[in-house]
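What follows is one structure encoded as structure tokens, with my remarks underneath.
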Amino acid sequence: MKIALGQLSATEDKRRNLQVLSELARDAAADGADVVVFPEEAMYAAASPDAGLAATSETLDGPFVSELSTLAAELGLTVIAGMHETALGEAHRAYNTIVVVEASGSVSSYRKLHLFDALGHRESDRFLQGEGSRLTLDIGGIRLGVLNCYDIRFPELARLLIDDGAEVLVVCASWVDGPLKEDHWETLLRARAIENTCWVAAADQALDTTVGRSMLIDPMGVVRCSLGEERDMLLAGEVDPARTAAVREALPSIRNRRFVVIDAVAPLAAAEPAAS
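Okay, so the sequence shown: first residue is 17 according to my numbering, each after it adds one.
Structure below.
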């Protein structure tokens, strides 16, 4: 399988974002990609972190997903991208959703489970927390599991996706820059690959406030290809299931483990530190 990663610099102009996304998807298809992955918030990136998102959000049958469906069918590939999904009854907030559109017309989605309420940010002021449903899908005989940005700090979610059969973890992100954040980005991505002996395909936004550095990592944690701070750029790499099988045979950490992750979602309040 060839996976292409589109490193966008999304803006508040949804038409512009879709145009760039479409151009990169066409480049991916021309290069023989089976899947093209775009970042979190590929549809629309608010200039202000305080911006209400309900007015600019869309449903899963709205213009953004409809355009992706047309594009995927025309190009014969799977398109994965981040959007703001309308939440009924919400005046200001939306769901931070990753949508997967296959060439067949099938549409699936994942609403971000872990909202980035950390390091001075309050993502929950703009987004609703996902309800707990994970997303895996089979493309060309290889199963992909989907993660959204802050999710990579929670290894139990990645492990559940592996238990669901994922051989590739797809990460769509808008990874905010800051002290040590670039190191965290690569370290966490490589850790998820190493501990799960799986591929990791991560597409990040390239903005003034994000780190870029989209990359494809193999099951031994080797970065096979990567971008720097380039904007609206594409890279592509091969995911080889034989490499996955060989690594898992030589390093059977999944088989050797003594503990399992229980499929249960704790309420958001349960993760808050107790007052002292």
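Heads up, the beta-carbon is just placed ideally off N, CA and C, and yes, glycines get one too.
All of these numbers come straight from a predicted model, not from anything done at the bench.
(message) Could you give the first and the last residue of the continuous alpha helix (DSSP H) run that contains residue 221?
(response) Here residue 221 belongs to no alpha helix (DSSP H), and DSSP marks it neither H nor E.
(message) Judging by CA-CA distance, which residue of 256, 87 and 198 is the nearest neighbour of residue 123?
(response) 87
(message) Taking a contact to mean a Cβ-Cβ separation below 8 angstroms, would you say residue 49 touches residue 84 in this structure?
(response) Not in contact: residue 49 and residue 84 (Cβ atoms no closer than 8 angstroms).
(message) Once the 5 residues before and after residue 263 are set aside, which same chain residues still bring their CB inside 7 angstroms of it?
(response) 213, 235 and 236
(message) Distance cutoff 8 angstroms, beta carbons only. Does residue 90 sit that close to anything in chain B?
(response) As a matter of chain content, chain B is missing from the structure shown, which is built from one protein chain.
(request) Can you say whether residue 103 is buried or exposed, counting buried as having 16 or more other CB atoms within 10 angstroms of its CB? (result) If you draw a 10 Å sphere on the C-beta of residue 103, you find 16 or more other C-beta atoms in it, and that means buried.
(request) Indicate the three-state DSSP secondary structure (helix, strand or coil) for residue 19 in the structure shown. (result) strand
(request) Between the Cα of residue 191 and those of 181, 178, 180 and 205, spot the shortest distance and give me the residue it belongs to. (result) 205
(request) Decide if residue 233 is buried, meaning its Cβ has at least 16 other Cβ atoms within 10 Å, or exposed. (result) By the 10 Å Cβ count, residue 233 comes out buried.
(message) Looking at the secondary structure, which residues open and close the beta strand (DSSP E) in which residue 113 lies?
(response) 110-117
(request) Provide the residue span of the beta strand (DSSP E) that contains residue 232, from first to last. (result) 231-233
(request) Report all residues from its chain with a CB closer than 7 angstroms to the CB of residue 287; omit the five preceding and five following residues, and keep chain order. (result) Its pLDDT being 44, under 50, residue 287 is placed unreliably by the model, and the measurement read from it follows with that caveat. Around residue 287, the same chain offers no residue with a beta carbon nearer than 7 angstroms, after the five sequence neighbours per side are excluded.
(message) For a minimum of 3 consecutive residues, which ranges assigned as the beta strand (DSSP E) are wholly contained in the stretch 154-216?
(response) Complete beta strand (DSSP E) runs here, min 3: 158-164 and 184-189.
(request) Please confirm whether residue 10 and residue 182 have their CB atoms less than 8 angstroms apart. (result) Absent from the structure is residue 10, since the part of the chain shown begins at 17 and ends at 292.
(message) Quick check: what's the CA-CA separation for residue 277 versus residue 210?
(response) Within the model, the alpha-carbon separation for residue 277 versus residue 210 is close to 17 angstroms.
(message) To test your reading of the DSSP string, which unbroken beta strand (DSSP E) runs of 3 or more residues are found completely within the stretch 45-111?
(response) 51-53 and 94-101
(message) Assuming contact is defined by CB atoms lying nearer than 8 angstroms, are residue 70 and residue 42 in contact in what I supplied?
(response) no
(request) Return the CA-CA distance between residue 225 and residue 257, expressed in angstroms with no decimal places. (result) 35 angstroms
(request) Would you mind reading off the limits of the alpha helix (DSSP H) that contains residue 124? (result) For residue 124, there is no enclosing alpha helix (DSSP H); the enclosing beta strand (DSSP E) has its first and last residue at 123-127.
(message) Which same chain residues end up closer than 6 angstroms to residue 128 when comparing Cβ atoms and leaving out the 5 residues on each side of it in sequence?
(response) The residues are 112, 146 and 164.
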